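Peer 1: Before we start, here is the structure in question, set down as C-alpha cells.
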Amino acid sequence: MSHLRLFAPLACTLAFSGCMVGSDYQGPPDAAPLARLAGSFRHADRTTPAYYPAAAWWESLSDKQLDALIVLALSKSPNVDLAIARLKQERAGVAGARADLMPTAAGLGAASGARLGLGDTDGLNNKLAAAAAALGPEAAAAAPAIPEHVSTGLYNAAFDASWEIDIFGGRRRAVERSTARAQAAEAALADAYVQLSAEVARAYVGLRAAQRQLGIVRHSVSLQQKTFDLTKQQVEQGTSAKLDLARLETQLTSTQADIPLLEAQVEVALGQLAVLCGLEPGALDARLSKPRPIPSPPKSVPVGNPESMLRRRPDVRQAERQLASANAAIGEAVAQYFPRIKLIGLAVAGGTQPGDLADTASLSLLGGPTLQWNLLSFGRIDAKVQQSEAATEAALAQYRQSVLAALQDAESSLTQFRKRKENVAYLARASASAARAAALTRDMNEAGALSLIDTLDIERQRLQTEQSLAQAEAELTNAFIALEKSLGLGWKPAESRQPAATTVAKAN
Numbered sequence: 373m374s375h376l377r378l379f380a381p382l383a384c385t386l387a388f389s390g391c392m393v394g395s396d397y398q399g400p401p402d403a404a405p406l407a408r409l410a411g412s413f414r415h416a417d418r419t420t421p422a423y424y425p426a427a428a429w430w431e432s433l434s435d436k437q438l439d440a441l442i443v444l445a446l447s448k449s450p451n452v453d454l455a456i457a458r459l460k461q462e463r464a465g466v467a468g469a470r471a472d473l474m475p476t477a478a479g480l481g482a483a484s485g486a487r488l489g490l491g492d493t494d495g496l497n498n499k500l501a502a503a504a505a506a507l508g509p510e511a512a513a514a515a516p517a518i519p520e521h522v523s524t525g526l527y528n529a530a531f532d533a534s535w536e537i538d539i540f541g542g543r544r545r546a547v548e549r550s551t552a553r554a555q556a557a558e559a560a561l562a563d564a565y566v567q568l569s570a571e572v573a574r575a576y577v578g579l580r581a582a583q584r585q586l587g588i589v590r591h592s593v594s595l596q597q598k599t600f601d602l603t604k605q606q607v608e609q610g611t612s613a614k615l616d617l618a619r620l621e622t623q624l625t626s627t628q629a630d631i632p633l634l635e636a637q638v639e640v641a642l643g644q645l646a647v648l649c650g651l652e653p654g655a656l657d658a659r660l661s662k663p664r665p666i667p668s669p670p671k672s673v674p675v676g677n678p679e680s681m682l683r684r685r686p687d688v689r690q691a692e693r694q695l696a697s698a699n700a701a702i703g704e705a706v707a708q709y710f711p712r713i714k715l716i717g718l719a720v721a722g723g724t725q726p727g728d729l730a731d732t733a734s735l736s737l738l739g740g741p742t743l744q745w746n747l748l749s750f751g752r753i754d755a756k757v758q759q760s761e762a763a764t765e766a767a768l769a770q771y772r773q774s775v776l777a778a779l780q781d782a783e784s785s786l787t788q789f790r791k792r793k794e795n796v797a798y799l800a801r802a803s804a805s806a807a808r809a810a811a812l813t814r815d816m817n818e819a820g821a822l823s824l825i826d827t828l829d830i831e832r833q834r835l836q837t838e839q840s841l842a843q844a845e846a847e848l849t850n851a852f853i854a855l856e857k858s859l860g861l862g863w864k865p866a867e868s869r870q871p872a873a874t875t876v877a878k879a880n
C-alpha cells in the first residue's frame, strides 16, 4: 500500500499528460470564397484545356539551351542553397523540439589527487619524542614522526537522469510550431525554384530579343550604307543632289547610334544569366554569344482553376504554414501558466581507491519528483501570450494578403498573355506589309519613279515595325513566363528536386 501511495501522484500526472492547452489549428481560413467556388479564372481563355502537372513548364518553349540553363541554375544558384540551408536549420529545430520530450541522462567520472595539510605538527612531534624518551632509548628511537602533509587519491562516479512530463502540452506545442516552421521553409524552397526558373527564362528571352534587334539594326545599317555609297557616287557624277546625301548620312548615323545600346543589353543579359546560374559574369559568353531565335510559347496553355492554383503556389503554402506555427506558439506560451513536474534520479559512488567505485557501500541514491511553478511570473507570461496572439493575427492577415495577391497575379498574367498574343498578331501583319513596301520602294527609287525621301521614310517604318515585332514577341514569351510563375509552377516534390549532374553535362 505504501508503494501505491508513492506512485499515485505519478499515475495521475501521466493520465493528464495527454492534455494540451491552447486552441488546435483548424486549417487555413477561407480567404477567397468566390475563387474556391469558381470553375475557372475570370480572364482565362475558354478554349484553354484543363491543367496538367507540368513542373518543368520551360520545356514547352522548345529551347534546349534554355532547358540546360535552368537546370544549371537550379543546381548551382546561391539563392537555392540559402533556401536549402534554412530548411535544414528548421528541420534540425524539429528534431530538437522532439528530443525535449524525452528523458535526459548524464554521467560523470572523476579521479584526482589530494594533498591535505595537517597544520603545525612540531609541537605534537616534540611531545611524542618526550614520551618515547621516558620509556627508554629503544622507544625513543622507534618513535614515529607526524608529517606536515598527507597525500591521498579521490575517485568519484555519478549518474543523473531527469524527465519533465509534458502535462499541459507546452513542449508538444513547441514540436507543432517547429514542424510548421519547417514546412514553411520547405515551401520557401519551392518558391525559390519558381522564382529562379522564371528569372532565368526572362533573362534568356531578354538576351535573345536584344540579339535579334541588334541583328535587325546591323542589317538596316548595311542597307543604308549601300544606299549612301551609291548616292555619293551619283553626287560626284552630278546626277544627284547633295541634300539627298546629307539626309542619307543623317539616317545612317542615327541608326548606327542604336548599336552600342543594344550591344550593352546583350552584355548585361549575359552577365545576369551567369550570376543566376551561380557563375561569374562572362562564364556563359562563349556558349550564348551566338544569336538564336526568341523562344515562342505553346499555342495552348493549361491553367486549371483558382482553387488548384492556391493549393499549388508555394508562397501561399508558406504563409499558411506560418499561420499554423503562430497558432501553436500561443499554446506554448499558455502552458507556462501551469506547474512543471520533473522526475529526477541521482546515483553517486566514490572513495579513495578505484575499487571503491564498485563497492555498494559507497553508493548513494537520490530520486523523486520536483515541482516548479512560476506563480510570481504571470505578468511576464501574460505579455508572452499577448505577443503570440498578436503574431497569429499578423500571420492571418499575411495569409489573406498572399491569397488575394496570388489571385490578382494569376488574373493579370492571363490578361497580359491573351492581349500580348493579339498584339503580336497585329505587328506580324504590319511587319510583313512594311517589308513588302520597303522592297517595292527600293525598286522604284532605283528606277527613278520614287524620290529618295519617300524611300528613306518607308525604310525607317520597316525598321521600326520589325523591331517592334521582335520586342512584342519577347514580351509575349515573358507574359507566358509570368503566367506559369503565377500558377505556382516550376518546382517538384522534395525527393525529385535535385538535378542530376549527368543531365546538366548533357544539356550543356
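Residue numbering for the sequence shown follows my numbering, beginning at 373 and increasing consecutively. Every residue gets a Cβ at the ideal spot worked out from N, C-alpha and C, and that includes glycine. Computed from a predicted model, the values in this text were never measured in an experiment.
#1: Less than 8 Å between the beta carbons of alanine 886 and aspartate 472, yes or no?
#2: Output yes or no for whether 8 Å exceeds the beta carbon distance between alanine 844 and leucine 799.
#3: Which two residues bound the contiguous beta strand (DSSP E) that contains glutamine 744?
#4: Is it true that the region 679-689 meets the region 737-757, where meeting means three or more beta-carbon pairs spaced less than 8 Å apart?
#5: Tell whether a beta-carbon distance below 8 Å holds between valine 577 and threonine 787.
#6: Give a yes or no on whether the C-beta atoms belonging to alanine 482 and asparagine 528 are separated by under 8 Å.
#7: Contact between the region 706-715 and the region 736-743 is defined here as three or more beta-carbon pairs at a separation below 8 Å; is this criterion met?
#8: In this structure, does DSSP put leucine 651 in helix, strand or coil?
#9: My assumption, with CB atoms under 8 Å, is that aspartate 781 sits in contact with serine 858. Please give the rounded CB distance.
#10: Just to confirm, are phenylalanine 852 and proline 678 a CB contact at a threshold of 8 Å?
#11: Return helix, strand or coil for aspartate 630, following the three-state DSSP convention.
#12: Write down every uninterrupted run of the alpha helix (DSSP H) in the region 418-470 whose length is 4 residues or greater and which is fully enclosed by it, in chain order.
#13: Starting from asparagine 528, follow its DSSP beta bridges and name the residues at the other end.
#14: Whole-angstrom Cβ separation of glycine 862 and alanine 575, contact assumed at under 8 Å?
#15: Would you list the residues sitting across from leucine 715 in a DSSP beta bridge?
#16: On the CB-based measure, 16 or more other CB atoms within 10 Å of its CB, does proline 667 come out buried or exposed?
#17: Expressed to the nearest angstrom, what Euclidean distance is found between the alpha-carbon atoms of asparagine 882 and arginine 693?
#18: Starting from alanine 556, trace the alpha helix (DSSP H) in both directions and tell me its first and last residue.
#19: Under 8 Å between the Cβ atoms of serine 774 and leucine 855?
#20: Helix, strand or coil: which one does DSSP assign to alanine 821?
#21: Between which two residues does the alpha helix (DSSP H) harbouring alanine 698 extend?
#22: State yes or no: is the C-beta of glutamine 597 within less than 8 Å of the C-beta of leucine 624?
#23: Go ahead and pull the three-state DSSP assignment for alanine 804.
#24: Are alanine 807 and arginine 834 closer than 8 Å when you measure CB to CB?
#25: My assumption, with CB atoms under 8 Å, is that serine 760 sits in contact with alanine 705. Please give the rounded CB distance.
#26: For the alpha helix (DSSP H) that contains methionine 859, what are its first and last residues?
#27: Quick check on the burial criterion: 16 or more other C-beta atoms within 10 angstroms. Buried or exposed for methionine 392?
#28: Going by DSSP, which residues form a beta bridge with threonine 476?
Peer 2: Inspection of the coordinates gives the following:
#1: Here the chain comprises residues numbered 373 to 880, so residue 886 is not present and cannot be evaluated.
#2: Cβ distance < 8 Å, so alanine 844 and leucine 799 count as in contact.
#3: Segment 736-744, the beta strand (DSSP E) holding glutamine 744.
#4: Segment contact: the region 679-689 against the region 737-757, fewer than three CB-CB distances shorter than 8 Å; contact not assigned.
#5: Inclusion of valine 577 and threonine 787 in the CB contact set at 8 Å is not warranted, their separation being larger than that value.
#6: It is a contact, given that the beta carbons lie within the stated cut-off.
#7: Yes, since at least three Cβ pairs between the region 706-715 and the region 736-743 fall closer than 8 Å, the two stretches touch.
#8: Assigned with DSSP and collapsed to three states, leucine 651 falls in coil, not helix or strand.
#9: Yes, they are in contact, since the Cβ atoms of aspartate 781 and serine 858 sit about 4 Å apart, within 8 Å.
#10: In this structure, phenylalanine 852 keeps its C-beta atom at 8 Å or more from the C-beta atom of proline 678.
#11: It is helical.
#12: Counting only runs of 4 or more residues that sit fully inside the region 418-470, the alpha helix (DSSP H) segments are 436-448, in chain order.
#13: For asparagine 528, the beta-bridge partners assigned by DSSP are Ala482, Gly722.
#14: Between alanine 575 and glycine 862 the Cβ distance is about 15 Å, and since that is not below 8 Å, they are no contact.
#15: Beta-bridge pairing by DSSP links leucine 715 to Trp535, Pro741.
#16: Counting Cβ neighbours within 10 Å, proline 667 comes out buried, since at least 16 surround it.
#17: In the structure displayed, the chain extends from 373 to 880; residue 882 sits before or after that span and is not available.
#18: For alanine 556, the uninterrupted alpha helix (DSSP H) run begins and ends at 542-609, by DSSP.
#19: Cβ distance not < 8 Å, so serine 774 and leucine 855 don't count as in contact.
#20: Alanine 821: coil per DSSP, three-state reduction.
#21: Per DSSP, the continuous alpha helix (DSSP H) segment holding alanine 698 begins and ends at 686-706.
#22: Yes, these two residues count as a Cβ contact at 8 Å.
#23: Residue state, collapsed to three classes: helix.
#24: If you check the CB distance, alanine 807 and arginine 834 come in under 8 Å.
#25: Yes, serine 760 and alanine 705 are in contact; Cβ-Cβ is about 5 Å, under 8 Å.
#26: For the record, residue 859 in the displayed sequence is leucine; it is not methionine. From DSSP, leucine 859 is part of no alpha helix (DSSP H); its letter is neither H nor E.
#27: The Cβ neighbour count for methionine 392, taken over all protein chains shown within 10 Å, is at least 16; the residue is labelled buried.
#28: Ser534.
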